[in-house]
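Working notes for the structure below.
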Amino acid sequence: MTQRTRHPLPRPGRDRRARLLPAGPGALRADPAMPPHAAVVGGGIAGLAAATALTERGVRVTLYEREAQLGGRLAGWPTRLADTSTVTMSRGFHAFFPQYYNLRALLRRTDPALSRLTGLPDYPLRHASGACDSFRHVPRTPPLSALGFVALSPSFQVRDLAGMNVRAALPLLDVRVPEVYDRLDRTSAHDFLEAIRFPAAARHLAFEVFSRSFFADPRLLSAAEMALMFHIYFLGSAEGLLFDVPTEPFPQALWAPLARYLTRRGADLRTSAAVEAVTALPDGGFTVADGTAEEHHDAVVLATDLAPLRALVARSETLGDEPWRARVARLRTAPAFLVSRLWLDRPVRDDRPGFLGTSGYGPLDNVSVLDRWEGEAARWAARTGGSVLELHAYALPGDTSRKTRQKELLGELHRVYPETCTARVVDSRQEWHADCPLFPVGGYADRPAVHTPTPGLVVAGDAVRTGLPVALMERAATSGFLAANTLLGRWGLRGHPLWTVPDGGRGAVLRRAARLADGR
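For the sequence shown, my numbering begins at 109 and goes up steadily by one.
Put into C-alpha cells, the structure is as follows:
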C-alpha cells in the first residue's frame, strides 16, 4: 500500500487528495531598509491576491485600479432607488465553491472562519420541459458524485444512456493540465457533447448550464475548458457542487476588509487610477504612468481584464517580445451578458430557492432571490414587504436590443415564478458587459502564462495559463499568488503555498479507462 505524504499545512477542505504546491524557499520578510517595490495593475481578485502575497513578505506595493472601487468584476457601488433606499449594485451572483482553495485562503486573511460566506442548501437546475435536477443529495466523492447525479436525475433515462458513446466520454475520467488542452482544445464543447451523444435534456441541464458560466455559447467554447470544469466539480474533487455566497454585498463582505488589511501593511491602493503605459527600462525595473505621475518600480504585475491588457500592451512597446505581444493582441472577450436586478413590491413564494439555473427559458440563464441570503437585500425586503430578484442572461448576440432583452428576461421570470406577474417593480438596474475572457476553440496557445519574456513582468487573471486544474474565480486568485511567488523568488523571499484539486484521474481504474480513449 502506498503511504500518503503528510503535509505540514491543514487541508483546505474535505478532499483528502487535494494537492499541495509548497511555498518556495527564502527569507520571510524583505529588508525593511530596502524593500523591492512592485506595481500591481488591476484591483480585481487576481490583483488583490498578488498584492496580498507581496505585501505579506514586506514588498512595497502600489496597486492601480482604473475604477472607483476594488473588486474588478466583483465590485459593488451604491445606488439610490425610487423609494429613496440606498443599496449596493454589482454585476451580480457569483458562486464560491469549496474547491476554490486559494480564493478562500485570500478571504481568510480578514475572515478566518469565512463567516461572511453562507452555504445555499441546493443548486437546482430547471428546464422548460419540466425536468429539474438537484445537487443536494448527490454524493460528493468521485466517482460516486457523477454516478449519483445520473441515478438521481430525471434527465437521464435508461434508454438514453444505452445510446451514449462511452468511449468518446472517457477523456473526462483522466483530466490533466496542460495535457487536456492538447487533446480537446481544438474541439468545441458542443461538438464534444454531440460525440458523446448525451441525452438532450441532460446536456442542457448538466453541461450547457455550466458551459454558459464561461459566458460563451458551447459552440464557441473549447471542450478542454468544459472537460476541466467537469473534472474540478465532478470527477476530480470530493468537495461537491454546493456552494457559498456572501452574506452581504461584495464591498462590505469581501473587499473593504481586505483593503484595510493591505493598507495596514503599507500597500498603496489607488482607485480611479488608470495606467496609461508601462515601460521596461534598459537597466532593469519599470516606470508606470497613470496619467498624473510616472513612478519607478522593480517589478510589475499585469492583472487587468483582457481588453485593458491588450490596450496597455499595445501602448507599452517595450514589454515582451513580438510573438508574446501578438498573442496578447489576439485575445478575445466573450459575448455580452445582462444582469437585471429587480426590487419588487411583494415576495416570491417561500419555497423558491436562493439560486435557480434555467434552460429553455429564452435568454434567461438563472434567477437569484437575493433576500434569501444577502443581508442588505433581506433588510430591504423585510422593511418593504417585497423581494429582490436578479436575472442573468449570458452569451447574447452582438446585435441584440437591450430593451428587448430586458423585457424578455422579465417575461421569462413570469414563466418561472408566476407569482411575479402581479408584482410591481419598485425599481430596477441593468448591467450590460462584454469583458469576460473567451476560451475559444484552439485558443489555449494564445493565452498568456504568468511568466513573460520580460524579467520582472508577470501576468495574472482568470484567462492566464497556470498549468493547474483551476478555473473562473479560483484561476484568478491562483494566478495572482503564482505571479507574486514568481517575483518573491527573484528577490530571495519565501513564496506562498497553494492548493488545487487533484490533477488527473481520481483512481487507477478511471485512469486506465481514460487511456482506452487514446489507445494507450
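We put the beta carbon where it would ideally sit given N, CA and C, even for glycine.
No experiment lies behind these values; they were computed from the predicted model shown.
Range of the contiguous beta strand (DSSP E) that encloses residue i
| i | result |
| --- | --- |
| H298 | Not the beta strand (DSSP E): H298 falls in the alpha helix (DSSP H), residues A297 to I304. |
| Q538 | V533 to H541 |
| H404 | E402 to H405 |
| W607 | L606 to T608 |
| Y369 | Taken as a continuous stretch (DSSP letters only), Y369 belongs to no beta strand (DSSP E), being part of the alpha helix (DSSP H) at A364 to R372. |
| H145 | H145 to V149 |
| V353 | D352 to P354 |
| R275 | Careful: R275 lies outside any beta strand (DSSP E), inside the alpha helix (DSSP H) at V274 to A277. |
| L389 | Run containing L389: none; DSSP gives neither H nor E here. |
| V567 | L565 to V567 |
| T395 | F394 to A397 |
Neighbourhood of residue i by C-beta distance below 7 Å, restricted to the same chain and skipping five residues each side
| i | result |
| --- | --- |
| D611 | R127, R284, V285 and P577 |
| P279 | R291, L292, A335, A622 and A625 |
| A375 | A159, T163, V169 and L171 |
| T113 | Since pLDDT at T113 reaches only 46, below the 50 mark, its modelled position is unreliable, and no value is offered. |
| P561 | G428, D429 and W432 |
| R305 | G271, M272 and N273 |
| R614 | P250, P251, L343 and G344 |
| E384 | A397, D398, G399 and R423 |
6 Å CB neighbourhood of residue i in its chain, flanking five on each side removed
| i | result |
| --- | --- |
| G348 | R248 |
| A176 | T379 and S380 |
| D535 | L189, A190 and W451 |
| A585 | I153, A157, N210, L211 and L214 |
| R174 | A382 |
| R532 | D453 |
| F257 | V246 |
| R125 | P610 |
Run of the alpha helix (DSSP H) containing residue i, from where it starts to where it stops
| i | result |
| --- | --- |
| T194 | Looking at the DSSP string, T194 is not in any alpha helix (DSSP H); the run it does join, the beta strand (DSSP E), is T194 to S198. |
| P186 | Careful: P186 lies outside any alpha helix (DSSP H), inside the beta strand (DSSP E) at G184 to R188. |
| D255 | Looking at the sequence provided, one finds Leu at residue 255 rather than Asp. Note, L255: alpha helix (DSSP H), L252 to L260. |
| G588 | L580 to R598 |
| D473 | Premise fails: D473 is in no alpha helix (DSSP H) and is neither H nor E. |
| L518 | R510 to V524 |
| L156 | I153 to T163 |
| R423 | L414 to R423 |
Buried versus exposed, by CB contacts within 10 Å (16 or more), residue i
| i | result |
| --- | --- |
| M581 | buried |
| T192 | exposed |
| S643 | Lying before the first or after the last residue shown, residue 643 is absent from the chain, which here runs from 109 to 628. |
| N474 | buried |
| D507 | exposed |
| A69 | This structure cannot settle anything about residue 69, because the visible part of the chain is limited to 109 through 628. |
| T371 | exposed |
| V274 | exposed |
| L222 | exposed |
| H404 | exposed |
| P505 | exposed |
| R583 | buried |
| L252 | exposed |
| L255 | exposed |
| Q111 | Interpretation of Q111 is limited by its pLDDT of 43, a score under 50 that renders its predicted location unreliable; the figure taken from the coordinates is listed afterwards. With fewer than 16 Cβ atoms within 10 Å of its Cβ, Q111 is classed as exposed. |
| C544 | buried |
| S198 | buried |
| E498 | buried |
| P563 | exposed |
| G575 | exposed |
| T528 | buried |
| M142 | exposed |
| A419 | exposed |
Identified DSSP bridge partners for residue i
| i | result |
| --- | --- |
| R454 | BP columns for R454 are empty, so no partner. |
| P54 | What the structure shows of the chain is the stretch from 109 to 628, and residue 54 is not part of that stretch, so it cannot be assessed. |
| A126 | A126 is not bridged to any residue. |
| R234 | C240 and T466 |
| S448 | L499 and Q538 |
| T218 | In the DSSP output, where bridge partners are listed per residue, T218 has none listed. |
| T170 | A147 and D376 |
| L618 | Per DSSP, none; premise fails for L618. |
| F643 | What the structure shows of the chain is the stretch from 109 to 628, and residue 643 is not part of that stretch, so it cannot be assessed. |
| V572 | Answer by DSSP bridge pairing: none, since V572 is not bridged. |
| L329 | P548 |
| L87 | Because the chain is modelled from 109 through 628, residue 87 falls outside the range shown and cannot be assessed. |
Spatial neighbours of residue i in its chain, beta-carbon cut-off 8 Å, leaving aside the 5 residues before and after
| i | result |
| --- | --- |
| W488 | S193, V195, W451, D479, G494 and V496 |
| L600 | Here the sequence assigns Gly to residue 600, which means Leu is not the residue at that position. The residues are G134 and A135. |
| R137 | R165, G166 and L601 |
Residue i Cβ short of 7 Å to the ligand PLP heavy atom set
| i | result |
| --- | --- |
| L414 | Looking for the ligand PLP in the displayed structure turns up nothing, as the structure carries no ligands at all. |
Original post:
Does the segment 388 to 397 come close enough to the segment 516 to 523 to have 3 or more Cβ pairs within less than 8 Å?
Top reply: Cβ pair count under 8 Å is below three, so no.
Original post:
Is the segment 401 to 412 touching the segment 136 to 151, taking contact as three or more C-beta pairs under 8 Å?
Top reply: A contact is defined here as three or more CB-CB pairs under 8 Å, and the segment 401 to 412 meets this definition with respect to the segment 136 to 151.
Subject >> contact_flag[the segment 218 to 231, the segment 344 to 361] where n(CB pairs < 8 Å) is 3 or more >> reply: Taking a cut-off of 8 Å for Cβ pairs, the segment 218 to 231 and the segment 344 to 361 touch, as three or more such pairs fall below it.
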